[in-house]
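Note that the protein sequences, when read in sequence, are chains A and B. The first sequence runs 1 to 284 under our numbering. The second sequence runs 285 to 568 under our numbering. Below: the structure, in C-alpha cells.
Protein chains: 2
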Amino acid sequence: MAFVDSNVFGLSLSHRLFNKTVLIVGGGEVAYTRLQKLVPTKCKIHLVSPKLHPKIIEDYGELIKSKILHTQRNFDLEDFDLNTEGNNNLNVITPDLFESLSPEEITERCENITFDEWSLVLICIDDPGLSLKFYQYGTLKFPNVPLNICDKPKLCPVYFGAVAKIGGPNGIDCMISSNGKAPRFAALLKKDIEKRYLELDVEGSCNKIETLRNLLKKEEIVEKFKGNIIPVRMKFLIYVTDAFDLFNCQKLDCIKLEKLFIDVYINKSDELPLPKDLVQNFSI
Amino acid sequence: MAFVDSNVFGLSLSHRLFNKTVLIVGGGEVAYTRLQKLVPTKCKIHLVSPKLHPKIIEDYGELIKSKILHTQRNFDLEDFDLNTEGNNNLNVITPDLFESLSPEEITERCENITFDEWSLVLICIDDPGLSLKFYQYGTLKFPNVPLNICDKPKLCPVYFGAVAKIGGPNGIDCMISSNGKAPRFAALLKKDIEKRYLELDVEGSCNKIETLRNLLKKEEIVEKFKGNIIPVRMKFLIYVTDAFDLFNCQKLDCIKLEKLFIDVYINKSDELPLPKDLVQNFSI
C-alpha cells in the first residue's frame with residue numbers, strides 16, 4: 001500500500017478538472033469543504049450520501065438539482081463503476097491509426113474524448129473501517145486514480161494542503177504542504193500569509209501585467225522587431241515587474257511602458273532606465 | 285480538448301508518487317527542473333531523450349545508471365506503452381471477490397499492486413508540433429492520466445505552480461498558482477514569500493509541535509483521561525500553537541506544556557492561561 005513516511009516528498013500540482021468526473025462519498029462537513037474546492041473547477045461531480053449537511057443544501061442545493069449527480073443512499077462497492085455515456089471506442093488509439101488521421105480528425109477525437117474513469121475519488125465519511133475498505137477496493141480496482149480519504153493523510157495518494165487565498169476568494173491560490181509533518185504549522189503559515197498579503201492588489205496587478213504583455217504582442221510591434229521577439233519581451237517583462245515588485249504592479253503605466261519597449265528594442269533611441277527610475281517615471 | 289480559460293479554477297493537490305511511474309520526454313533544461321521535483325518523491329522515472337543536459341548528468345548521472353530508466357533516442361508514439369512487470373491480473377477485482385477475501389489477503393494484494401499506467405507524463409521538448417502530437421496521442425490513449433506539456437499551460441490537464449520553499453530545500457512547499465492568469469505575478473509572490481520567511485525556523489518548529497503531540501498521545505495520558513481525548517488534544521494544540529504563533533513555535537517547552545495539559549484536563553487543578561501568559565511561561 002502506498003504508505004509513505006513524511007520524509008518522502010509530495011509533488012504539488014494544479015489540476016484542470018473541467019469535463020472530468022469526480023466521486024465524492026459522504027455528505028457531511030468534509031464533503032462541503034471538498035465541494036467548495038471542486039465546484040469552481042467545473043468538473044462533473046457524483047455525490048453518494050444518504051444525507052446532506054445543511055450547508056451543502058444551502059450553498060449547493062440548486063447545483064444538486066441541476067448539475068451534481070446525487071445518489072441518496074449509502075455508498076456501495078458497485079458504485080465505483082463509472083458508467084460513461086458515449087462511445088468508449090473513440091478512446092482506442094494506436095500509433096498506426098493516429099498517423100492515418102488528418103489533423104482535423106485528431107482534433108475532433110480529442111474534443112469528443114470520453115474520460116472513462118474517475119479523475120479523482122474523495123472518501124469523506126466518518127467511519128475508519130468503511131473508509132479503509134473503500135480505499136482498498138478503489139486502489140485495487142484502479143491503482144492509478146488519485147484517491148483521498150479524509151483523516152487518513154498517510155494512506156492517501158493525493159492530499160489537500162492548507163490553501164491560502166491571496167487577493168480574496170477569486171485571487172491566487174497558495175497551497176502549503178508540510179508533507180504531513182506538521183499540519184498545525186501549515187495552518188499557522190496559511191493564516192500568516194493571508195494576513196501579510198491582505199492589502200495586495202492581486203486583481204489590479206494581474207490585469208496590468210496582462211495588459212502590458214498583450215500590448216507588446218501587437219502585430220505592428222512584432223513586425224517591426226528584427227528577429228525572435230519572445231525572449232526579448234520576456235526579459236523586458238521580468239525587468240519591469242521585478243523593478244515594480246509585488247506591491248506596485250497595479251501602478252504600471254502600460255502605455256508609457258509600451259513606448260519605452262519600442263524606443264529601446266525597435267528604434268534603439270533610448271535605453272532601459274534603472275529600476276528605481278523606472279518605477280518613478282512609468283507609474284500611473 | 286481540455287482547453288480551459290483562466291476563469292476556471294484549478295485544484296491544487298499534493299501527490300505521493302512513491303512506487304508509481306512517471307514518463308519524461310526530453311533531456312534538456314526543463315527536464316532538469318522536473319527531475320528536481322520528481323527525484324525526492326521516490327517515483328520510478330522513465331526518461332526518453334537522445335541527449336542529456338550537462339546539469340542532468342552532473343546531478344542525476346549516478347541515478348540514471350541505477351534507478352532512472354533512460355532510453356537514449358527520440359521519443360516515439362510506441363513509447364507510450366508502459367510495459368508493466370508482474371501480474372496485471374492482481375488488479376482485477378469485483379465486489380464479490382473483494383468480499384470473499386480475508387483482511388490479510390486484501391492487504392497483501394494492496395501491497396503488491398501493479399500501477400499499470402503512467403501516473404504522470406511530462407513532455408519537455410522544444411518542438412511545439414511534436415509536443416502537440418504527443419499531447420494528442422497521449423490524451424487519446426489514456427484520457428485520465430495527467431499530462432504536462434512545457435510551454436503550453438492552457439493545454440495541460442496538470443500544471444506546475446511557482447513553488448516557494450520555506451525553511452530551505454527540505455522545508456515546507458508553498459505552491460502558488462495564478463491559474464495561468466499572471467505567471468510573472470506568481471513568480472514575484474514566490475520570491476517575496478521566500479524572503480519574508482527566511483528567518484522562520486521551520487524544522488525546529490515542526491519538531492517541537494510533533495514532540496508535543498506525541499507526548500500528549502502517551503498511553504498513560506490517554507488512559508487517565510475520561511472520554512474521547514482526540515478533540516480535546518486537538519483543541520489544546522490549536523490553542524497553544526495559535527498563542528505561540530508562526531514565529532515562536534520553536535520555543536515550545538513541551539515538558540511543561542504536557543504537565544499543563546494533565547493539570548487542566550485530567551487533574552482539573554489548573555486552567556488554561558491567557559495566550560500571552562502561555563507564551564511567557566511555557567517557553568524554553
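Glycine included, each C-beta is placed from N, C-alpha and C at the ideal position. Note that this is a predicted model, so its numbers are computed, not measured.
Please list the partners that residue i has in chain B, where partner means a Cβ-to-Cβ separation under 7 Å.
{"i": "K268/A", "result": "The contacting residues do not exist; K268/A stays about 25 Å from chain B at best."}
{"i": "S178/A", "result": "I456, C490"}
{"i": "T71/A", "result": "Simply none; closest approach about 16 Å."}
Who are the neighbours of residue i on chain A, taking C-beta pairs under 8 Å?
{"i": "G488/B", "result": "Those within 8 Å of G488/B in chain A number zero; the least Cβ separation is about 11 Å."}
{"i": "E362/B", "result": "P95"}
{"i": "E494/B", "result": "K181, A182"}
Could you tell me which residues DSSP puts in a beta bridge with residue i?
{"i": "H354/B", "result": "L331/B"}
{"i": "S443/B", "result": "Residue identity differs from the one stated: residue 443/B is Tyr in this sequence, not Ser. According to DSSP, which records beta bridges pairwise, Y443/B is partnered with S14/A."}
{"i": "I123/A", "result": "V25/A, I149/A"}
Quick one: residues in its chain with C-beta nearer than 8 Å to the C-beta of residue i, no 5 flanking neighbours on either side, listed in chain order?
{"i": "Y421/B", "result": "L361, F364"}
{"i": "E271/A", "result": "V264"}
{"i": "V486/B", "result": "I450, G451, G452, G455, I456"}
{"i": "Y159/A", "result": "G10, N148, P153, S177, G180"}
{"i": "V306/B", "result": "L322, C327, K328, I329, H330, W402, S403, L404, V405, L406"}
{"i": "F18/A", "result": "T41, K42, C43"}
{"i": "E313/B", "result": "H337, K339"}
So, helix, strand or coil for residue i, using DSSP?
{"i": "D245/A", "result": "coil"}
{"i": "C174/A", "result": "strand"}
{"i": "S567/B", "result": "strand"}
{"i": "T139/A", "result": "helix"}
{"i": "V30/A", "result": "helix"}
{"i": "K417/B", "result": "helix"}
{"i": "L101/A", "result": "coil"}
{"i": "T41/A", "result": "helix"}
{"i": "V524/B", "result": "helix"}
{"i": "V4/A", "result": "Because V4/A sits at a pLDDT of 43, beneath the cut-off of 50, its placement in the model cannot be relied upon, and the point is left open."}
{"i": "K165/A", "result": "strand"}
{"i": "D554/B", "result": "coil"}
{"i": "L536/B", "result": "strand"}
{"i": "I229/A", "result": "helix"}
{"i": "G488/B", "result": "helix"}
{"i": "Y197/A", "result": "coil"}
{"i": "D192/A", "result": "helix"}
{"i": "G180/A", "result": "coil"}
{"i": "F80/A", "result": "helix"}
{"i": "Y265/A", "result": "helix"}
{"i": "D380/B", "result": "helix"}
{"i": "T398/B", "result": "coil"}
{"i": "L52/A", "result": "coil"}
{"i": "K218/A", "result": "coil"}
{"i": "K154/A", "result": "helix"}
{"i": "K20/A", "result": "coil"}
{"i": "F359/B", "result": "coil"}
{"i": "F469/B", "result": "helix"}
Who are the neighbours of residue i on chain A, taking C-beta pairs under 7 Å?
{"i": "P569/B", "result": "The structure shown has nothing for residue 569/B, since chain B only spans 285 to 568."}
{"i": "E503/B", "result": "The premise fails here: E503/B is roughly 20 Å from chain A at the closest Cβ pair, so nothing lies under 7 Å."}
{"i": "I390/B", "result": "Q136"}
For residue i, I'd like the list of residues in its chain whose CB is within less than 6 Å of its CB, leaving aside the five on either flank, ordered along the chain.
{"i": "H15/A", "result": "none"}
{"i": "I505/B", "result": "none"}
{"i": "K195/A", "result": "none"}
{"i": "A471/B", "result": "A446"}
{"i": "H70/A", "result": "L47, I64"}
{"i": "M285/B", "result": "Bear in mind that the predicted position of M285/B carries a pLDDT of just 40, short of 50, making it too unreliable to give a figure here."}
{"i": "N358/B", "result": "P334"}
{"i": "L473/B", "result": "I460"}
{"i": "F418/B", "result": "I407"}
Quick one: what's got a C-beta closer than 7 Å to residue i's C-beta in the same chain, skipping five residues either side?
{"i": "L52/A", "result": "G27"}
{"i": "L215/A", "result": "C254, E258"}
{"i": "Q534/B", "result": "D485, G488, S489, K492"}
{"i": "D126/A", "result": "G28"}
{"i": "I262/A", "result": "I221"}
Anything in chain B within Cβ reach of residue i, meaning under 9 Å, just list it in chain order.
{"i": "N144/A", "result": "K304, F399, D400, E401, W402, S403, F426, N428, V429"}
{"i": "I286/A", "result": "Outside the shown range of chain A (1 to 284) lies residue 286/A, about which nothing can therefore be said."}
{"i": "I284/A", "result": "By Cβ distance, chain B contributes nothing, its closest Cβ being about 17 Å from I284/A, past 9 Å."}
List, in chain order, every chain B residue whose beta-carbon is nearer than 8 Å to that of residue i.
{"i": "F75/A", "result": "In chain order: nothing, as chain B lies at least about 12 Å away."}
{"i": "F134/A", "result": "Those within 8 Å of F134/A in chain B number zero; the least Cβ separation is about 10 Å."}
Subject >> Interfacial residues, the region 507 to 528 of chain B to chain A, with Cβ spacing under 8 Å >> reply: L521, I522, T525, D526
**OP:** Could you please tell me which residues of the region 398 to 415 of chain B, in chain order, have their CB closer than 9 Å to any CB of chain A?
**Re:** T398, F399, D400, E401, W402, S403, L404
Subject >> Under 7 Å (Cβ pairs) to chain B, residues found in the region 8 to 36 of chain A >> reply: V8, F9, G10, L11, S12, L13, S14, H15, R16, L17, F18, N19
Original post:
Closer than 8 Å, Cβ to any Cβ of chain B: which residues of the region 149 to 162 of chain A, in chain order?
Top reply: C156, P157, V158, Y159, F160, G161
Original post:
Just by C-beta distance, which residues in the region 246 to 275 of chain A are closer than 9 Å to chain B?
Top reply: Cβ contacts with chain B: L246, F247, C249.
Original post:
When Cβ atoms are compared, which residues of the region 476 to 487 of chain B fall closer than 9 Å to chain A?
Top reply: D476, I477, R480, Y481, L484, V486
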